[in-house]
Structures are given as structure tokens and as C-alpha cells.
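Protein chains: 2
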Amino acid sequence: MLKLFGGSRTRASMPRWYMEEKSIDYELVELNLESKQHRNAEFLCINPFGKLPALIDDNVLLEDGSPLVLFESGAILLHLAERYSNDINTPAQRALTSQWLLFANATLSIALFVPSSREHEFPRLMEVLNGQLDPDRPLVGDQWGVADCAVEAHLGYLPIFFPEIDLSPYPVIQAVIERTRLRPAYQRAMGHA
Amino acid sequence: MLKLFGGSRTRASMPRWYMEEKSIDYELVELNLESKQHRNAEFLCINPFGKLPALIDDNVLLEDGSPLVLFESGAILLHLAERYSNDINTPAQRALTSQWLLFANATLSIALFVPSSREHEFPRLMEVLNGQLDPDRPLVGDQWGVADCAVEAHLGYLPIFFPEIDLSPYPVIQAVIERTRLRPAYQRAMGHA
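Keeping their order, the protein sequence lines are chains A and B. Quick note: the first sequence uses this note's numbering, first residue 4, plus one each step. Quick note: the second sequence uses this note's numbering, first residue 4, plus one each step.
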């Protein structure tokens, strides 16, 4: 059994979207951030940092027999892909998948959320990414996978959290965002979490 | 053959430190950032984003027969650990290792480099991390590994890049930083890259 702990406007929407796409069964536990449920003693036993998302996977046991408890959306995505999908079939695919997960969660996030980077670093990243992406080809392997999920989820945040950013210089990115928004699994995940 | 592209004050020091610790043979190609060598056409063929570090691993071939080329320090670390160390022996260790890599490269980095986070988010992370770390026990498995490398490298940056941050409320973190600085492989990697 997979139990995902999430909440509004957290990165729980990424693993949720991925599990919806791959038809992976999970139970969603939504915490109320306004009433600080993510800082309750009960949740701090699951993730001492009190951050969402977190995942409990009863199918994977630690040496002491307790279930795997994971935090960090990128690590949760990677684990789901390793265990519950056919995304990763070779060492090269594993390495390139983690490359794009880290690119999305670290490099792209930092470029967006560090104000000084948003001006200079972010447009450069977007320009290169616009040339790297192809709406008809996944980033790794031959099917839509967890690398696409992480990058597209971050691109999907742009019009929501940064509506002032002009995306017209990046037509491929615009096309990717449009296609992403039309995916039923994306709509299910983003509508609630 | 492993070829690591790095340069002063880049995160190339992390994979370099790790390879020194694990006695993994590599060739270091140092680019001069001041003369913009990382933006030369030759390097942009290796990493189109023009960011360091990047790794070429001739031992791992893509479907088209070309060698694996990787960017993102966290993905490089994870790949080195998977292929050239005994750090990762179970699915749980793989998942927890990527959790700590993402924690270091994404969560901890964002908390440090986003000015508004440095005030509020960063002290909270440090307080919890101080309780999670144990200088005598690795973060994952039973030997010093790539999860320790990523977290300790970031902690090691603190006195260098943020000397104004008072670390005395976090004695375990202080002890970890002290021990890290004494490691010969750390000194070799940080002295040059």
C-alpha cells in the first residue's frame, strides 16, 4: 500500500500526477497547512522536517522491518518510477532520469525562486530548455515518464505562480504547457492537491 | 574512463570529493569560468545549459552507442554511487540516498540562497538536521556514502559562503563540519575545484 501525504499548493501534486498517469494505486492523506497539521507530532514522526509531500511504501521494508518512509518530491518520483513503472530500463535511463528530476527540483526551482536568478539565470535556462524539449518525444526512453512529469509540472507552475513572465519567446515550452494541461491525469492531480 | 568537467566554485567539488573518497579513477577537465569556457560551443555540446559539473562516462553507452553524458551534480553523484561504489544495496537504500541528495541540492540550497528563506526556513531546517545527523553514523547504510557527501558538502559551504551565520545553536552540525574538513579526500577536492 502506498500512502501519499500532501496538501494544497505543495509538491505532492507531482507524485500524485505521476501515479494517476501510471495507474498506481495510492491513498492520499491531505494535511491542512493553515492549521499546521504538517507540524503535528504525528506527521513529524513521518517527516521530521515537516514538509510535504511524504510517502509511506509498505511494499519496501527497511532492515528493521519498518516500511520505507520517504520525503522530497523528486526522490518520491524516482522511487515510484523504479518500483511501479517501466520508465527505467537501463543504467543510462536511470542516470538521465535523475538528471532531469534534479534539474527540475533544484536548478529550475532555484532559478525561479531566487529573485536575482529570475532575471538573468531563468531566461537562459528557458531558452536552452525550449531547444531541448520536443512535445512529441519524452525526455528519457520512449514513453512519457517521470522525467517529463517533473519538468512539465514545474513548467505548469509558471502561468499560475508567475503570470507576469512572458513565455512567448519559448514557443515549444508554451506548447508543452498547453498539452500538459489537457492531460486528464494532470487535471485530476492539480485540481485537488 | 570518467571525465569530470569542473571549475572553481562550482559543484564539481562534490563529485570530485566523492570519487577521491571512493578511489574512483577520473580525469578532471577544469574550465575557466572567467573566460567563459563553459559557454564555448565545445562544452555546450556536452551540457547545452553550460553549467558545471558535467560527466562523461565511457563505460555506459546510450542506445545509439554514444557514451553517457550527465549534468546536475546530484545526478552525477547518484550515478557514481550506483555504478562505482557499494553504497546502494537495496531499493530502500536507493530511495533514501536520492532523498538526501535532493534534500541537499534542492531543499537546503533553496533555503540558503533564497533571501527570504534564509531567515525563516533555513534555521528550522538546520535545527531538525542537527537532530537527524550523527557524526558517527552514515545517513544511509553502514558506511560513509554519497548521501553523506552531498549533505556534508553543503554544510561545508556554510562557513565559507555564509560566515555571518551563527552555527553555535547546531553543535552536531558544527561537529560534522569539523570532521568533514579533516578528511584528506575533502581537502584534495576542495583545494582545487
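No residue lacks a Cβ here, since even glycine has one placed at the ideal position from N, Cα and C.
Which chain A residues sit within Cβ distance under 8 Å of B/L73?
A98, L99 and Q102
Measure the C-alpha to C-alpha separation of A/G144 and A/L80 and round it to an integer number of angstroms.
16 Å
Would you check if the distance between the CB atom of A/L58 and the CB atom of A/L47 is smaller than 7 Å?
no
For A/V72, the three-state DSSP class (helix, strand or coil):
strand
Please state the DSSP three-state secondary structure of A/I59.
strand
In chain order, what residues of the same chain lie with their CB nearer than 7 Å to the CB of A/H195, ignoring the 5 residues before and after it?
Only weak support exists for where A/H195 lies, its pLDDT of 47 falling under 50; the coordinates are left without a value.
Measuring only the C-alpha atoms, how far is A/I168 from A/F106?
20 Å
Under 7 Å between C-beta atoms of B/A95 and A/L65
yes
Quick check: B/A15 and B/P56, are their CB atoms within less than 7 Å of each other?
yes
For A/R140, the three-state DSSP class (helix, strand or coil)
strand
Helix, strand or coil: how does DSSP classify A/V117 here?
coil
Can you give me the start and stop residues for the beta strand (DSSP E) that A/E155 sits inside?
Not the beta strand (DSSP E): A/E155 falls in the alpha helix (DSSP H), residues V149 to F164.
At the level of alpha carbons, what is the spacing between A/E45 and B/G134?
17 Å
Check the Cβ of A/Q135 against every Cβ in chain B and list those closer than 9 Å, keeping chain order.
P51 and F52
So is B/I176 buried or exposed if we call it buried at 16+ other beta carbons inside 10 Å?
buried
Whole angstroms is fine: what's the gap from A/S11's alpha carbon to B/N43's?
43 Å
Inspect the beta-carbon positions of B/L104 and B/G148 and report whether they are closer than 7 Å.
no
From A/R140, A/L132, A/E75 and A/H41, pick the residue whose C-alpha is nearest to that of A/L158; which is it?
A/L132
So is A/E37 buried or exposed if we call it buried at 16+ other beta carbons inside 10 Å?
exposed
Contacts that A/A78 makes with chain B (C-beta to C-beta distance below 7 Å):
A98, S101, Q102 and L105
Cross-strand partners of B/G207 (DSSP beta bridge):
Residue numbering for chain B in the displayed model covers 4 to 196; residue 207 of chain B lies beyond these limits and cannot be assessed.
Can you tell me whether B/F164 is buried or exposed, with buried defined as 16 or more other CB within 10 angstroms of its CB?
exposed
When you compare only the Cα positions, how much space is there between B/E23 and B/N108?
20 Å
Of the choices B/A156, B/Q146 and B/T110, whose alpha-carbon is the least far from that of A/G53?
B/T110
Where does B/L64 fall in DSSP's three states?
strand
Would you decide whether A/P18 is buried or exposed? Buried here means 16 or more other CB atoms lie within 10 Å of its CB.
buried
Can you list the residues of chain A that B/L5 reaches, using a CB-CB cut of under 7 Å?
By Cβ distance, chain A contributes nothing, its closest Cβ being about 12 Å from B/L5, past 7 Å.
Opening and closing residue of the alpha helix (DSSP H) in which B/F46 lies
A44 to I49
Beta-carbon proximity list for B/Y87, same chain, < 6 Å, skipping 5 on both sides:
I27
Within 10 Å of its beta-carbon, does A/S171 have 16 or more other beta-carbons around it, so buried, or fewer, so exposed?
exposed
Hey, how far is the Cα of A/Q40 from the Cα of B/K39?
48 Å
Name the chain C residues whose beta carbon is nearer than 9 Å to that of B/V154?
Included in the structure are the protein chains A and B, with no chain C among them.
Between the alpha carbons of A/A84 and A/T13, how many angstroms are there, rounded?
20 Å
What is the DSSP secondary structure of B/E24, counted as helix, strand or coil?
helix
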